[in-house]
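Notes to accompany the following structure.
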Ligand code: ATP
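Numbering (my numbering), first residue to last: 633 to 1087.
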């Protein structure tokens, strides 16, 4: 990472190079929602694939699930979201900006969080928050703080006549996992301890969706819940803390940019909660949460549905409600961190360049194929042949636009690890030039060895 990479660098880079676009720009924008461009969707897919590989494919006792975005509204009553999935909202009376009161207090070094009651946080704001100014207009004239529920409502299903209130877009994937726990036990050979993993869109009416894609109103979560015997919960918890840290090491993260943060205020049912924080341009912030949640989730669904979700150990016959160890991360938070890690402005061969030093597995384009000259049909034909051979195996680009130096720069910027150039020697000896993104070094490779080399 360049030492001083700023959020502005990342925002303008991602827009300019087709990674992230603000939503609905031609209509003046839509706050807290973003669209992935052609390279962004590749990077996000690669992040999801790496996560799935680490959490499902390589873990014998974790299975995948894809629950729907909508579910019966009682799911969200049972989970506690309808009553208490809220953040403390304060409004500036001068410019009407809506703000998170806990974030304003934290910004002044005053310990606060979204779990405090309205009374607690109002008292804190009154006694210790005297220095707080509105970040927009600079005035100190705020409304009383009230809790604002973040569930996004819809009317889906109202036509059936069975549901009269609102239905909700899911605010996390976890509830879909809990309500399918019994299905997975009954239809697979998994025995406790085992896990269920999901990745998918979630929706939260964030009060102030700022800081680019760090805090969105529509985002994607990758969550895994391990169901364990109560006596094993803290051991399994420690195991998963280690695995999740290792995941970021395997993605090539600099460990100086990662740290553990322990939650000061645990919700009453939780046994342990730590976050992996990343050093984003605005400072260390939560990237992933690893939580020991006790039996709260299954117990709540048992109470509200009247169904027995306990588990009977087939060996001992013991019946118990499994405890849950959860790992939860947003694709966008990894996406942003990966870009911060990779974005580099530097000199190569005496010339300035911007380069994304992404690991091979994450790079949107794995190889770019160039004919040395676009006006030599025999070079273009040979380059097309190489491109056709590679494109079935990996994401590739064909580029014959501008001189080769410019094409290298374009690929450097989007993080393509290797460029393959077809020149006149290729026509004689069937070798091509491979150019490495990070070092700029070049080597000749036989076309027949190309695939193995690139992989
Ligand atoms: P925060 O304190 O930042 O609001 P949270 O503690 O509410 O996050 P969780 O409910 O634990 O977050 O969600 C799990 C993960 O989902 C977070 O660690 C984060 O990676 C991601 N996440 C949560 N809210 C957002 C958001 N608004 N935009 C993008 N990612 C998010």
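Where is the CB? At the ideal position from N, CA and C, for every residue including glycine.
Cβ-heavy atom distance, residue 848 to the ligand ATP, below 7 Å: Translated into the one-based positions of the chain shown, residue 848 becomes position 216. In this structure, residue 848 has its beta carbon less than 7 Å from a heavy atom of the ligand ATP.
As a quick exercise: from 995, 840, 994, 1027, pick the residue whose alpha carbon is nearest that of residue 723. What you label residue 723 is simply residue 91 of the chain shown in a count that begins at 1. Of the listed residues, the one whose Cα sits closest to residue 723 is 840.
Under the three-state reduction of DSSP, which class applies to residue 1014: helix, strand or coil? Walking along the chain shown from the start, residue 1014 turns up at place 382. It is helical.
Using DSSP bridges, identify the partner residues of residue 892. Here the question's residue 892 lines up with position 260 in the chain shown. For residue 892, which the question treats as bridged, DSSP gives the partners 908.
For residue 865, count neighbouring Cβ atoms within 10 angstroms of its own Cβ and tell me buried if that reaches 16, exposed if not. Locating residue 865 in the chain shown gives position 233, where the first residue counts as 1. Buried, by the Cβ-count rule.
Could you compute how far the alpha carbon of residue 634 sits from the alpha carbon of residue 642? For the purposes of this step, residue 634 is taken as residue 2 along the chain shown, with counting starting at 1. For the purposes of this step, residue 642 is taken as residue 10 along the chain shown, with counting starting at 1. Here residue 634 scores only 48 on pLDDT, less than 50, and its place in the model should not be relied on; the value that follows carries that caveat. CA-to-CA, the gap between residue 634 and residue 642 works out to about 11 Å.
Do residue 746 and residue 719 have their CB atoms nearer than 8 Å? For the purposes of this step, residue 746 is taken as the residue at position 114 of the chain shown. For the purposes of this step, residue 719 is taken as the residue at position 87 of the chain shown. Contact flag set, yes.
Using C-beta distances below 8 Å, list every residue in its chain close to residue 1033, excluding the 5 sequence neighbours before and after it, in chain order. Taking the first residue of the chain shown as 1, we reach residue 1033 at position 401. Only 1006, 1039 meet the Cβ criterion.
At a cut of 8 Å, does the stretch 823-833 reach the stretch 791-799 through at least three beta carbon pairs? At 8 Å Cβ cutoff, the stretches do not touch.
Element boundaries [alpha helix (DSSP H), containing residue 738]: As a working note, residue 738 is residue 106 in the chain shown. 733-739 is the span of the alpha helix (DSSP H), which, as asked, contains residue 738.
Name the DSSP beta bridge partners of residue 990, please? Residue 990 sits at position 358 when you count from the first residue of the chain shown. Answer is none; residue 990 lacks a bridge partner.
Identify the residues that DSSP records as bridge partners of residue 1051: which are they? If you number the chain shown from 1, residue 1051 lands on position 419. As computed with DSSP, residue 1051 is found in a beta bridge with 1000, 1067.
Helix, strand or coil: how does DSSP classify residue 801 here? Translated into positions along the chain shown, residue 801 becomes position 169. Residue 801 sits in a strand when the DSSP states are folded into three classes.
Out of curiosity, what's the CA-to-CA distance linking residue 780 and residue 721? As a first step, residue 780 is located in the chain shown; it is residue number 148 there, counting from the start. As a first step, residue 721 is located in the chain shown; it is residue number 89 there, counting from the start. Taking the straight line joining both Cα atoms gives about 6 Å.
For residue 1009, which of helix, strand or coil comes out of DSSP? What you label residue 1009 is simply residue 377 of the chain shown in a count that begins at 1. DSSP, reduced to helix, strand and coil, places residue 1009 within a helical segment of the structure shown.
For the ligand ATP, any of its heavy atoms closer than 7 Å to the Cβ of residue 673? In the chain shown, residue 673 corresponds to position 41, counting from 1. No, since every heavy atom of the ligand ATP falls outside the 7 Å radius drawn around the Cβ of residue 673.
Can you name the start and end residues of the alpha helix (DSSP H) that residue 933 belongs to? Here residue 933 corresponds to residue number 301 of the chain shown, with the count starting at 1. Residues 928-937.
Please report the distance separating the alpha-carbon of residue 733 from that of residue 844. For the purposes of this step, residue 733 is taken as the residue at position 101 of the chain shown. For the purposes of this step, residue 844 is taken as the residue at position 212 of the chain shown. As the crow flies, the alpha-carbon of residue 733 is around 20 Å from that of residue 844.
Considering Cα atoms alone, identify which of 904, 687, 1046, 814 is closest to residue 934. What you label residue 934 is simply residue 302 of the chain shown in a count that begins at 1. Residue 934 has its Cα closest to that of 814, out of 904, 687, 1046, 814.
Output the distance between the C-alpha atoms of residue 1020 and residue 778, rounded to the nearest integer angstrom. Taking the chain shown and counting its residues from 1, one reaches residue 1020 at position 388. Taking the chain shown and counting its residues from 1, one reaches residue 778 at position 146. The C-alpha of residue 778 is placed about 60 Å away from the C-alpha of residue 1020.
Do the stretch 984-1001 and the stretch 662-677 make contact, defined as three or more Cβ pairs closer than 8 Å? With three or more CB-CB distances shorter than 8 Å, the stretch 984-1001 counts as touching the stretch 662-677.
By the DSSP assignment, the beta strand (DSSP E) with residue 720 in it spans what residues? What you label residue 720 is simply residue 88 of the chain shown in a count that begins at 1. Unbroken beta strand (DSSP E) run through residue 720: 718-723.
Which residue spans inside the stretch 800-869 form an unbroken beta strand (DSSP E) run of at least 3? If we require 3 residues or more, the beta strand (DSSP E) runs fully inside the stretch 800-869 come out as 826-835, 850-860.
Does DSSP put residue 634 in a helix, in a strand, or in coil? Against the chain shown, residue 634 aligns to sequence position 2. Because the pLDDT of residue 634 is 48, which lies under 50, any placement of that residue in the model is unreliable, and the question is left without a value.
State yes or no: is the C-beta of residue 922 nearer than 7 Å to some heavy atom of the ligand ATP? Within the chain shown, residue 922 is the residue found at index 290, counting from 1. No, the Cβ of residue 922 stays beyond 7 Å of every heavy atom of the ligand ATP.
Just tell me which of 986, 924, 946 has its CA closest to the CA of residue 818. Counting from 1 along the chain shown, the entry for residue 818 is found at position 186. A check of alpha carbon separations from residue 818 across 986, 924, 946 identifies 946 as the nearest.
May I ask whether a heavy atom of the ligand ATP can be found less than 7 Å away from the beta carbon of residue 919? Here residue 919 is taken as the residue at index 287 of the chain shown, counted from 1. Using a cutoff of 7 Å, the CB of residue 919 counts as near the ligand ATP, since one of the ligand's heavy atoms is closer than that.
Closest by C-alpha distance to residue 905, when choosing among 944, 917, 959, 859: Numbered from 1 along the chain shown, position 273 holds the residue referred to as residue 905. Distance from the Cα of residue 905 is smallest, within the candidate group 944, 917, 959, 859, for 959.
Count the other CB atoms within 10 Å of the CB of residue 876; is the residue buried (16 or more) or exposed (fewer)? One-based indexing of the chain shown puts residue 876 at position 244. Looking at its Cβ environment, which holds 16 or more other Cβ atoms inside 10 Å, residue 876 is buried.
Quick test of the definition: if touching needs 3 or more C-beta pairs under 8 Å, does the stretch 906-923 touch the stretch 954-971? Short answer: they touch.
Quick test of your reading: residue 802 and residue 703, contact by CB under 8 Å. State the CB separation rounded to the nearest angstrom. Along the chain shown, read from residue 1 onward, the residue named residue 802 stands at position 170. Along the chain shown, read from residue 1 onward, the residue named residue 703 stands at position 71. Their Cβ separation, rounded to whole angstroms, is 7 Å, which keeps residue 802 and residue 703 in contact under 8 Å.
Using three-state DSSP, classify residue 983 as helix, strand or coil. Along the chain shown, read from residue 1 onward, the residue named residue 983 stands at position 351. Under the three-state reduction of DSSP, residue 983 is assigned to strand.
C-alpha gap between residue 1048 and residue 707, whole angstroms: By one-based count along the chain shown, residue 1048 stands at place 416. By one-based count along the chain shown, residue 707 stands at place 75. Linking residue 1048 to residue 707 through their CA atoms gives a straight-line distance of about 44 Å.
Assess contact between the stretch 960-979 and the stretch 880-894, defined as three or more Cβ pairs (one per stretch) separated by less than 8 Å. Is contact present? Of all C-beta pairs linking the stretch 960-979 to the stretch 880-894, three or more are shorter than 8 Å, placing the two stretches in contact.
If residue 1062 sits next to residue 1078, beta carbons under 8 Å apart, how far is it from one beta carbon to the other, in whole angstroms? By one-based count along the chain shown, residue 1062 stands at place 430. By one-based count along the chain shown, residue 1078 stands at place 446. The distance from the Cβ of residue 1062 to that of residue 1078 is about 6 Å, consistent with a contact at the 8 Å cut-off.
From residue 626 to residue 687, what distance separates their C-alpha atoms? No answer is possible for residue 626: the residues shown for the chain start at 633 and end at 1087.
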